[in-house]
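What follows is one structure encoded as structure tokens, with my remarks underneath.
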DNA sequence: CAGTGAGCGAGCTTCCGCTTGACTT
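Residue numbers (my numbering): 3 to 770.
Listed below in structure tokens is the structure:
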């Protein structure tokens with residue numbers, strides 16, 4: 003048995019380190035946190051100094067057991083990350099495996115190299131309990147917020163909902179952005195552009211934007227007779243510098259933009275590259291590169307592109323609350339241009355490699371030329387710009403250098419000839435909807451959430467149905483374009499969609515209601531600065547200037563009364579019930595509100611309590627197609643309560659009724675439902691219904707092609723198939739479904755591909 | 001994708017941060 007046990011957080015790291023330390027050292031991984039507050043109980047004793055109860059997480063029982071065995075008779079070295087969570091992991095590991103924390107040696111290394119590790123091992127310290135306490139304060143705070151707020155939502159809005167310090171702010175950002183977009187008033191202006199003759203011909207734009215179509219037209223008329231002369235010519239050099247190497251957030255942004263990856267996809271692919279030993283750790287907020295990496299980059303750049311392309315750079319980490327436990331994301335070997343097992347991995351690796359190498363390269367040098375062109379009889383000028391790349395620098399690797407825009411030689415006072423001109427109507431743009439990476443970027447900017455939680459948070463707010471990732475159709479607008487060519491003025495109108503969007507995060511009605519409720523009753527919690535302020539206090543705890551009990555007490559004495567107060571909010575208020583008017587038949591009020599299952603119409607009031615026998619139970623109905631809670635009127639709503647509607651009887655005297663269900667309109671006889679997609683449930687006649695019902699009955703009778711007891715050959719909406727009740731299998735085209743034997747059917751079912759597991763699919767449960 | 005049509009009860013749900021699991025011979 004080895005005399006020393008080194009415990010790190012990740013198994014990939016363990017493997018590497020084991021190679022650097024001798025046989026005296028055994029290196030194992032804790033796989034992150036091993037203990038946590040219980041999932042089911044509150045786990046915090048508020049009465050007694052917020053004392054937390056910890057238990058070994060279910061998925062870590064085995065790991066803890068094996069660490070315990072390995073620890074026997076060994077010196078324990080705790081080598082978790084050098085941040086708040088890492089310190090807490092070290093402490094929790096001790097507690098979990100029965101080692102007195104003060105007996106263990108705590109080490110931290112900032113890069114995984116032999117010298118760095120040897121140095122760390124030579125200078126161990128003990129666990130920093132102040133830092134551990136700061137982590138516990140963070141953990142308890144999140145539990146208090148999450149487990150007191152969520153149940154309020156279960157009672158007021160919908161069962162199973164959730165709220166928390168991070169997710170509720172993420173949802174709020176999206177809700178508020180959508181409202182800004184809705185409030186945006188489109189205005190249009192005209193961009194006037196011209197092409198002048200020269201070698202080569204070149205474009206220029208009018209310095210002023212034109213507001214109305216009549217003045218746009220006037221302008222072109224004026225240009226028709228005008229003379230043009232070169233005015234001020236300005237030339238100045240410019241530089242462009244590379245960006246810092248990737249952090250989790252910037253990698254997600256760039257992979258989203260360039261490769262179209264979702265945040266989750268990016269992380270899965272990066273994890274594989276990390277496990278393969280191709281890149282450094284992918285969950286980081288640091289832009290720092292180790293001296294070894296900087297050196298390797300320099301060597302590679304000089305050898306490949308020449309000395310003048312190399313430029314050593316050190317980047318400051320910009321994000322608030324960064325903990326800098328790791329390096330930036332970079333290739334483990336700076337001179338390895340390609341890595342990865344498949345196309346997806348190769349593309350992401352290439353991106354990481356380029357960004358890291360480019361970050362150590364010289365800036366690109368450009369020459370910018372700006373030329374003003376005077377118009378006779380006008381105040382405004384045309385402006386032509388040219389740009390020539392003198393030295394590509396980092397763009398040699400990273401790319402991104404636009405093509406040169408070359409202007410002909412132009413001298414002040416020189417006369418110019420107009421080739422053509424145009425005035426194109428353009429609409430002002432509303433604020434941009436968040437894409438997944440853009441939301442991550444915003445959260446990071448606000449210091450909310452950590453690199454390891456960005457992807458899961460985005461998943462959670464979608465799972466809870468607060469947010470949908472989707473395409474949004476824009477508004478159709480008419481645009482005018484005037485052109486002047488060969489002295490002929492022409493006018494054209496066309497349609498364009500403005501404000502359309504693809505793959506963006508859009509809030510649901512549920513998100514709006516929950517956000518409005520939280521903002522009204524828990525303004526401080528969903529405040530964009532809440533986390534930043536909490537972080538300041540956590541730092542004070544780590545510095546020994548504040549105790550964690552005191553911090554939590556201060557927070558809770560303010561927070562808990564808000565929870566109590568929110569109980570008085572009525573469901574109707576929270577669900578933003580809208581009174582539409584009174585039903586003329588019954589005199590009962592008709593309201594539209596957000597119900598447990600989405601938007602709903604309600605006729606009559608809910609009983610005050612369970613024993614209230616005076617009040618008749620209210621009736622519910624869905625909103626008619628095409629209406630929303632915002633625009634529904636009493637007139638639209640009333641017919642919905644006419645359903646279900648009795649429309650007649652079958653030959654056997656059974657009643658036929660029509661209604662609208664989850665999947666559209668249907669007619670019903672006894673227990674048989676028949677979809678009536680093309681008919682209006684308010685108008686469908688008895689004769690039409692009977693016809694549809696007979697057709698459905700016939701289809702059902704023809705459904706079973708062959709019956710082998712357990713196995714059946716059935717006729718489905720997508721053609722014949724085999725089913726055993728659980729699994730289904732399609733039948734090959736060349737086979738006659740009527741002639742299939744039981745053995746053949748069984749074989750086909752066994753060979754049927756397993757249900758397609760969708761790569762992007764998330765589990766509805768919170769297991770990931 | 002294999003075909004659906006709730007709303008009661010009881011008992012359940014939930015947070016944020018670390019990390020990667022996997023049934024056997």
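Beta carbons are placed, not taken as given, at the ideal position from N, Cα and C, and that holds for glycine.
Of the residues the options, the one placed nearest residue i, counting alpha carbons only
i           : options               : result
residue 341 : 711, 361, 276 and 440 : 276
residue 566 : 43, 21, 201 and 154   : 154
residue 593 : 603, 586, 585 and 587 : 603
residue 158 : 579, 69 and 93        : 579
residue 374 : 100, 208 and 68       : 208
residue 338 : 298, 315 and 372      : 298
residue 401 : 325, 359 and 59       : 359
residue 531 : 463, 589 and 450      : 450
residue 167 : 182, 177, 140 and 191 : 140
residue 268 : 348, 701, 196 and 590 : 348
residue 396 : 459, 355, 436 and 378 : 355
Residue i, DSSP secondary structure in three states
i           : result
residue 440 : helix
residue 139 : helix
residue 144 : helix
residue 223 : helix
residue 534 : helix
residue 393 : strand
residue 123 : helix
residue 504 : strand
residue 456 : helix
residue 7   : strand
residue 283 : coil
residue 317 : coil
residue 2   : No answer is possible for residue 2: it lies beyond the span of the chain, which begins at 3 and ends at 770.
residue 376 : strand
residue 188 : coil
residue 772 : This structure cannot settle anything about residue 772, because the visible part of the chain is limited to 3 through 770.
residue 549 : coil
residue 230 : strand
Own chain residues within Cβ distance below 6 angstroms of residue i, not counting five before or after
i           : result
residue 407 : 388 and 389
residue 285 : 250, 453 and 454
residue 136 : 86, 540, 543 and 544
residue 317 : 246 and 289
residue 96  : 103 and 106
8 angstroms CB neighbourhood of residue i in its chain, flanking five on each side removed
i           : result
residue 119 : 19, 22, 23 and 111
residue 784 : This structure leaves residue 784 out entirely; the chain is present only between 3 and 770.
residue 138 : 54, 90 and 550
residue 202 : 408 and 410
residue 491 : 219, 222, 223, 226, 484 and 485
residue 381 : none
residue 495 : 480, 481, 482 and 483
Same chain only: Cβ atoms within 7 angstroms of residue i, ignoring 5 sequence neighbours per side
i           : result
residue 528 : 170, 171, 174, 520 and 521
residue 758 : Legend: pLDDT at residue 758 = 38, less than 50; position of this residue unreliable, no value from coordinates given.
residue 187 : none
residue 564 : 523 and 524
residue 504 : 473
residue 747 : 710, 713, 715 and 724
residue 690 : 681
Residues that DSSP places opposite residue i in a beta bridge
i           : result
residue 723 : 716 and 732
residue 306 : Looking at the DSSP assignment, residue 306 forms no beta bridge with any residue, so it has no partner.
residue 363 : 312
residue 772 : Lying before the first or after the last residue shown, residue 772 is absent from the chain, which here runs from 3 to 770.
residue 370 : 238 and 389
residue 478 : 499
residue 604 : 593 and 622
Worksheet entry | Three or more C-beta pairs below 8 angstroms linking the segment 529 to 544 and the segment 110 to 127 | The segment 529 to 544 and the segment 110 to 127 do not touch, with fewer than 3 CB-CB distances between them shorter than 8 angstroms.
Worksheet item: Any contact of the segment 444 to 456 with the segment 508 to 521, i.e. 3+ C-beta pairs under 8 angstroms?
Response: Taking 8 angstroms as the limit for Cβ pairs, the verdict is that the segment 508 to 521 does not touch the segment 444 to 456.
Worksheet entry | contact_flag[the segment 218 to 236, the segment 480 to 494] where n(CB pairs < 8 angstroms) is 3 or more | Taking 8 angstroms as the limit for Cβ pairs, the verdict is that the segment 480 to 494 does touch the segment 218 to 236.
Discussion item. Between the segment 391 to 409 and the segment 421 to 437, can you find at least three pairs of beta-carbon atoms closer than 8 angstroms?
Written reply: The segment 421 to 437 is not in contact with the segment 391 to 409.
Discussion item. Would you call the segment 251 to 267 in contact with the segment 303 to 313, where contact means no fewer than 3 C-beta pairs closer than 8 angstroms?
Written reply: For the pair of segments examined, the segment 251 to 267 was found not to touch the segment 303 to 313: the number of CB pairs separated by less than 8 angstroms stays below three.
Discussion item. Pairs of beta-carbons, one from the segment 225 to 245 and one from the segment 412 to 419, closer than 8 angstroms: are there three or more?
Written reply: In this structure the segment 225 to 245 touches the segment 412 to 419; the number of beta carbon pairs closer than 8 angstroms is three or more.
Fill in: the segment 95 to 114 / the segment 43 to 50 touching (three or more Cβ pairs under 8 angstroms)
Contact between the segment 95 to 114 and the segment 43 to 50 is absent, with fewer than three C-beta pairs closer than 8 angstroms.
Discussion item. Check whether the segment 668 to 678 and the segment 622 to 629 touch, using three or more Cβ-Cβ pairs below 8 angstroms as the test.
Written reply: Judged by Cβ distances under 8 angstroms, the segment 668 to 678 makes no contact with the segment 622 to 629, as fewer than three pairs qualify.
Worksheet entry | the segment 555 to 562 / the segment 570 to 577 touching (three or more Cβ pairs under 8 angstroms) | Contact fails: fewer than three Cβ-Cβ distances are below 8 angstroms.
Fill in: Meets three-Cβ-pair contact criterion under 8 angstroms: the segment 319 to 339 and the segment 363 to 381
At 8 angstroms Cβ cutoff, the stretches do not touch.
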